[in-house]
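Numbering (our numbering), first residue to last: 2 to 208. Even glycine gets a Cβ: it sits at the ideal position worked out from N, Cα and C. Heads up, the thing below is written out as structure tokens.
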């Protein structure tokens with residue numbers, strides 16, 4: 002059970018993280034910081050007020066980066082880890098997580114998500130509401146799996162990749178690093194690094 006958590010990042014994703022923490026640990030003290038001066042002092046939710054990012058050294062050692070954007074999340078995670086901070090993971094109690102999965106630090110798993118056996122989730126991945134990650138999948142660090150995405154068995158997702166809401170990735174497909182897959186897409190074959198794919202079946206579009 003979490004007791005005192007510092008969230009870094011006060012956008013919309015932070016509200017989802019706060020909810021997941023409070024459902025499992027209602028007495029947890031949550032502090033939140035952001036480097037956007039316009040957000041400092043705001044009540045983000047439930048009388049949790051945003052502090053300045055520069056105050057981070059004075060706050061909790063249970064740290065979680067509550068930023069949805071893959072690249073920005075990676076940047077902040079690296080800064081924190083280089084300064085000696087250890088990142089915690091946050092799982093909603095209504096997520097289904099296999100005993101036989103492996104989940105690294107800094108991961109967020111939202112309500113109704115499913116993580117099946119022999120799956121590996123690397124550092125600071127987001128599994129959003131209702132996402133299904135079937136057996137033997139692997140998701141690279143800092144990737145974001147959107148709401149109601151389905152990854153068939155044996156799918157590999159690279160680093161810093163975003164998969165939009167409701168997309169379906171067929172079994173054994175390999176998705177590269179820095180890929181964006183549009184909402185509702187159906188991906189039937191491998192995608193190399195640094196691509197954008199949309200549609201049914203998925204097709205490449207120019208950046």
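The stretch 118-127 and the stretch 47-55 do not touch, with fewer than 3 CB-CB distances between them shorter than 8 Å. Distance from the Cα of residue 98 is smallest, within the candidate group 114, 105, 131, 168, for 114. Where residue 19 is concerned, the enclosing alpha helix (DSSP H) starts and stops at 13-25.
Secondary structure at residue 171: coil, using DSSP grouped into helix, strand and coil. Contact between the stretch 26-45 and the stretch 125-138 is absent, with fewer than three C-beta pairs closer than 8 Å. Under the three-pair Cβ rule at 8 Å, the stretch 142-154 counts as touching the stretch 63-82. Residue state for residue 41 is assigned as coil, using DSSP reduced to three classes.
For residue 30, the enclosing beta strand (DSSP E) has its first and last residue at 30-35. For the pair residue 101 and residue 141, the Cα-to-Cα distance works out to about 18 Å. Rounded to whole angstroms, the Cβ separation of residue 40 and residue 11 is 5 Å, and the two are in contact under 8 Å. With at least 16 other beta carbons inside 10 angstroms of its own, residue 183 counts as buried. If you check the CB distance, residue 88 and residue 116 do not come in under 7 Å. Residue 54 and residue 81 have their C-alpha atoms roughly 11 Å apart. Counting only the Cα atoms, residue 134 lies some 8 Å from residue 154.
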